[in-house]
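K.L.:
Mind having a look at this structure? Questions to follow.
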Amino acid sequence: MRIGKKFLLLLSIVLILVLIDINSSSISQEKKIEEDEINDIWYEYPNEAPVELYDPLESVLNKKLQDYEDLGYFPNIYESSLGATYYGLYILDVLGRLDDYVDRTLITRYIMSHYNYSSHSFTDKYTLRYLDTDFDQEYYPFNTLLETTCYAILSLEILGRIDLIDPQNSRDFIWSCFNSETGGFCGCPYNECPNADFRTATIDNSYYAIITLNILNENWDFFTNQINDLVSFISTLQYIGSWPQNGGFANELGWPFSFRYGFEGIGISLLSTYQAVSILNYFSRLAEIDMVNLSDYMDNCYEETLDFFKISAAITPYYENIASSLGLQISNIINYLSPTQETEVINFLLNAQDDMGLWNLYNSTHSELMYTFIVARALKEVGKIYILAPEADKMTNSLSNFYHYDSFTNIMQNYTT
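Using this note's numbering, count along the sequence shown one by one with no gaps and you end on 419.
Take a look at the structure:
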């Protein structure tokens, strides 16, 4: 009996080993067949993929081709920003088309999704890029932490939703960006700036800080010293020197950033001059700058025979669409142009509108939302926004090309990369 059990156990082990060997041979044979098939496919028979695998790809390609046939370009989608959101809302608001185009709830939700409830500031991806700036390499204007926060607050004001934030907290955040050493506002809270470059006060930061504090109903009586420091800072930015830049304003002391970016990156420009004059006019302090030299600078930027302004008295290209808008605004404050000259400059701007009712930087087909915003703001401030009424429908429809991801982007979808 005991021998029988041992025999059965031994027999079972032998059978298992035989089965394993057979299975291994089978797997090896199958593997050999698969390798042969792969070699056949690779070297001899490049089979076509099943037709159904091509359907989604073909659909995408057909859509792209149809877009090109309809539009003349392949449309792109760009990152929305709080700056572009403000530009888009401002344009629609002054055109009287805000409720015809914007879902207030949706765009308000977009804005508030960027709110930091602990710091009482707003941050988008462009702001993160600014906060990661290596100033020895590049400087990105218009997207500082302060400016982005101002864009968001100004947008909420247009939408009638300032109630979503605490005004005092927002005022405190803006004042935390004030540089008490030089006067003027820098791009982030002064005591938290990573280095001295971030603490550099600029006129563009100061401009947005002041207009935002204004809509937050700041009581200026409590900030007399800061206002005096700000006026002194701005006065220092006026260049008094050799022709042709004499009388204009720089964006910051010593111009460490001004030569590193875009149409405004030219040291002394009408953009910085407009922002400086606007702040001084708001506080009724224009008398504290050299108005004679400012008029001299305007003379050097104004091409009277061509009815437009140059962005700077010292460079080309002139960026005349943007410059003429800024020239109109400065003239409106200091009474530089005669009524006839003002009309001629406005007509120049109207003739510069493209087929979509928008404005480009100058003689190009590349549209950014900021350019149309600058023109619309100028016409609003000089009391002539009504002249855009015939183009309002076209302009409103064209803004859809800047609307992506629940809000506006500064880059138009026809800008292909």
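Ideal Cβ positions, reconstructed from N, Cα and C, are used throughout, including at glycine.
No experiment lies behind these values; they were computed from the predicted model shown.
If we ignore side chains and look at the alpha-carbon of each, how far apart do LEU158 and ALA289 end up?
P.N.:
Distance between the alpha carbons of LEU158 and ALA289: 34 Å.
K.L.:
State buried or exposed for LEU232, treating a residue as buried only when at least 16 other CB atoms are found within 10 Å of its CB.
P.N.:
Buried, since its Cβ has 16 or more Cβ neighbours within 10 Å.
K.L.:
Hey, would you say ALA154 sits closer than 7 Å to ILE113, going by beta carbons?
P.N.:
In this structure, ILE113 lies closer than 7 Å to ALA154 by Cβ.
K.L.:
Where are the beta strand (DSSP E) runs, 3 residues long or more, that stay fully inside the region 171-221, in chain order?
P.N.:
With a minimum length of 3 residues, no continuous beta strand (DSSP E) run stays inside the region 171-221.
K.L.:
Helix, strand or coil for ASN248, going by three-state DSSP, please let me know.
P.N.:
Note: ASN248 maps to coil in three-state DSSP.
K.L.:
Straight-line CA distance for GLY329 to PHE285?
P.N.:
Each residue's Cα considered, the two are about 20 Å apart.
K.L.:
Give every residue of the same chain whose Cβ lies closer than 6 Å to the Cβ of MET300, excluding the five residues on either side of it in the sequence, and list them in chain order.
P.N.:
The residues are TYR338.
K.L.:
Would you call GLN331 buried or exposed, if buried means 16 or more other Cβ atoms sit within 10 Å of its Cβ?
P.N.:
Buried.
K.L.:
Taking buried to mean at least 16 other C-beta atoms within 10 Å of its own C-beta, is GLU194 buried or exposed?
P.N.:
The residue is exposed, with fewer than 16 neighbouring Cβ atoms inside 10 Å.
K.L.:
Please tell me whether ILE281 and ILE212 are closer than 7 Å, where the distance is taken between their beta carbons.
P.N.:
Contact flag set, yes.
K.L.:
Alpha carbon to alpha carbon, how far is GLU383 from THR129? Give it in angstroms, no decimals.
P.N.:
Those two C-alpha atoms are separated by around 28 Å.
K.L.:
Hey, which unbroken runs of the alpha helix (DSSP H) at 4 residues or more fall wholly within the region 288-336?
P.N.:
List check, alpha helix (DSSP H) in window: 293-303, 322-336.
K.L.:
Going by DSSP, what residue range makes up the alpha helix (DSSP H) through MET372?
P.N.:
Where MET372 is concerned, the enclosing alpha helix (DSSP H) stretches over 371-383.
K.L.:
Leaving out the 5 sequence neighbours to the left and right, which residues in its chain are closer than 6 Å to ALA325 when beta-carbon positions are compared?
P.N.:
Closer than 6 Å at Cβ, skipping near neighbours: LEU272, PHE311, LYS312, ILE313.
K.L.:
For TYR192 and GLU346, what's the separation of their Cα atoms in angstroms?
P.N.:
When rounded, the distance between both Cα atoms is 44 Å.
K.L.:
Hey, out of SER327, SER333, SER369, LEU371, whose CA is closest to PHE350's CA?
P.N.:
It is SER327.
K.L.:
Would you mind sorting ILE375 into buried or exposed? The rule is 16 or more other CB atoms within 10 Å of its CB.
P.N.:
With the sequence shown as reference, residue 375 is identified as Phe, and Ile is not the correct amino acid for it. By the 10 Å Cβ count, PHE375 comes out buried.
K.L.:
Around the Cβ of ARG173, are there at least 16 other Cβ atoms within 10 angstroms (buried) or fewer (exposed)?
P.N.:
So ARG173 counts as buried.
K.L.:
Nearest to GLY185 by CA position, among LEU166, ASN216, GLY162, THR226, is which residue?
P.N.:
Per the Cα distances, THR226.
K.L.:
Measure from the alpha carbon of TYR119 to the alpha carbon of each residue in ASN171, ARG287, SER333, then state which is nearest.
P.N.:
Closest option to TYR119, Cα to Cα, is ASN171.
K.L.:
Where ARG99 and ASP134 are concerned, what is the direct C-alpha to C-alpha distance, given to the nearest angstrom?
P.N.:
Each residue's Cα considered, the two are about 37 Å apart.
K.L.:
Between TYR241 and the rest of its own chain, which residues show a CB-CB distance below 6 Å, the 5 nearest in sequence each way excluded?
P.N.:
Taken in chain order, the residues that qualify are GLN247, GLY250, ILE270.
K.L.:
Run through the DSSP bridge pairs and tell me what SER409 is partnered with.
P.N.:
Paired residues: HIS406.
K.L.:
Just to confirm my understanding: we take THR411, look at its own chain, exclude 5 residues before and 5 after, and list those with CB closer than 7 Å. What are they?
P.N.:
Excluding residues within five positions, the ones whose Cβ falls inside 7 Å are TYR80, GLU81, SER82, SER83, ALA86, PHE404.
K.L.:
For ILE270, does the three-state DSSP call read helix, strand or coil?
P.N.:
Residue state, collapsed to three classes: strand.
K.L.:
Could you compute how far the alpha carbon of GLN277 sits from the alpha carbon of THR214?
P.N.:
The alpha-carbon atoms of GLN277 and THR214 are separated by roughly 14 Å.
K.L.:
Any beta-carbon of chain D closer than 7 Å to the one on THR125?
P.N.:
As a matter of chain content, chain D is missing from the structure shown, which is built from one protein chain.
K.L.:
Going by beta-carbon coordinates alone, are ALA394 and ILE93 separated by less than 7 Å?
P.N.:
Their beta carbons are not under 7 Å apart, which means ALA394 does not touch ILE93 by this criterion.
K.L.:
Should MET293 and TYR89 be called a contact, given that it needs their Cβ atoms to be closer than 7 Å?
P.N.:
No, these two residues do not count as a Cβ contact at 7 Å.
K.L.:
Can you tell which of PHE200, ASP408, ASN399, HIS406 has the C-alpha that lies nearest to the C-alpha of ASP102?
P.N.:
For ASP102, the nearest C-alpha among the options comes from ASN399.
K.L.:
Can you name, in chain order, every residue of its own chain whose Cβ lies under 7 Å from the Cβ of GLY359, other than the five neighbours on each side?
P.N.:
Contacts found: GLU393, LYS396, MET397, SER400.
K.L.:
Keeping to the same chain, check which residues put their C-beta closer than 6 Å to that of VAL424; ignore five residues upstream and five downstream.
P.N.:
Here the chain has residues from 3 to 419 only, and residue 424 is not among them.
K.L.:
Rounding to the nearest angstrom, what Cα-Cα distance links ILE164 and THR307 in this structure?
P.N.:
Cα to Cα, the separation comes out at about 46 Å.
K.L.:
Could you pull out every residue in the same chain whose Cβ sits closer than 6 Å to the Cβ of GLU254, ignoring the five residues on either side in sequence?
P.N.:
Once the five neighbours on either side are set aside, the close Cβ partners of GLU254 are THR202, THR204.
K.L.:
Give me whichever residues DSSP pairs with ASN118 in a beta bridge.
P.N.:
Answer is SER123, bridged to ASN118.
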